[in-house]
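Trainee: Numbering (my numbering), first residue to last: 8 to 198.
Note that the Cβ used here is the ideal one computed from N, Cα and C, for glycine as well.
One structure, pasted below without further comment.
This is the structure we're talking about:
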């Protein structure tokens, strides 16, 4: 039973890493631009977590004997094409909430495939703990913003970004289907 990393596994892990880097840079710029307070505090923690996640993926890939690919685009880069650029913090948090739910679901799906490398499984478990907090703090902040923006407007914004997420996910999965299927098939064969 070989634990060698396939080209497709390296590509998927590099894709995860690139998405974490992209998120870190995005949240870092936001945190820097915000007034001090609870929202900036949580955004700063989120930024730090995303940066740490990119490091975890880098370390995981190197532990498995690989070097991360330099990827041109991250998953979330496609959101702005599908839904438009967020125009206020409420929209930023709405798109973040939708995206973080997608991430934790993708990571949980990856974790559930039998035969995965122990380094990948540990990395997924570690990151998923933070992702749960990300979903919680963003959900709480959105609830607080309902007073300013209105419950219906917040809900409509979430729905708009959920539709964009579905579009981006379908497109991304179509592009990645062969790689993901090969990766998951190889992991199952390791058993």
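(1) Near residue 41, what residues of its chain come up, given a Cβ to Cβ distance below 7 Å and the 5 sequence neighbours on each side ignored?
(2) Does the beta-carbon of residue 150 have 16 or more other beta-carbons within 10 angstroms, so that it is buried, or is it exposed?
(3) Skipping 5 residues on each side, what residues in its chain have a beta carbon closer than 6 Å to that of residue 105?
(4) Going by C-alpha to C-alpha distance, which of 31, 12, 139, 156 sits closest to residue 69?
(5) Exposed or buried, residue 9, counting other C-beta atoms within 10 Å across all chains shown (16 or more means buried)?
(6) Using DSSP with H/G/I as helix, E/B as strand and the rest coil, what is residue 25?
(7) Look at residue 17 and residue 76 and say whether their C-beta atoms are less than 8 Å apart.
(8) Thinking residue 97 and residue 161 are a contact (beta carbons under 8 Å), I'd like their distance in whole angstroms, please.
(9) Just to confirm, is the Cβ distance from residue 164 to residue 101 under 8 Å?
(10) Please report the distance separating the alpha-carbon of residue 65 from that of residue 186.
(11) Kindly indicate which three-state DSSP category residue 75 falls into: helix, strand or coil?
(12) So what's residue 120 in DSSP terms, helix, strand or just coil?
(13) Using the three-state DSSP reduction, which class does residue 93 fall into: helix, strand or coil?
(14) What is the residue span of the alpha helix (DSSP H) that residue 41 lies within?
(15) Measuring straight from C-alpha to C-alpha, what distance separates residue 156 and residue 147?
(16) Thinking just about the alpha-carbon of each residue, which of 30, 86, 55, 58 is nearest to the one in residue 203?
(17) Of all the options 43, 38, 37, 74, which has the alpha carbon lying nearest to the alpha carbon of residue 25?
Mentor: Taking the coordinates as given:
(1) 47, 50
(2) exposed
(3) 168, 169, 172
(4) 12
(5) Only weak support exists for where residue 9 lies, its pLDDT of 42 falling under 50; the value from the coordinates is given anyway. When all chains shown are included, residue 9 counts as exposed.
(6) helix
(7) yes
(8) 6 Å
(9) yes
(10) 19 Å
(11) coil
(12) coil
(13) coil
(14) Note, residue 41: premise wrong, no alpha helix (DSSP H); not H, not E.
(15) 14 Å
(16) With the chain covering only 8 through 198, there is no way to say anything about residue 203.
(17) 74
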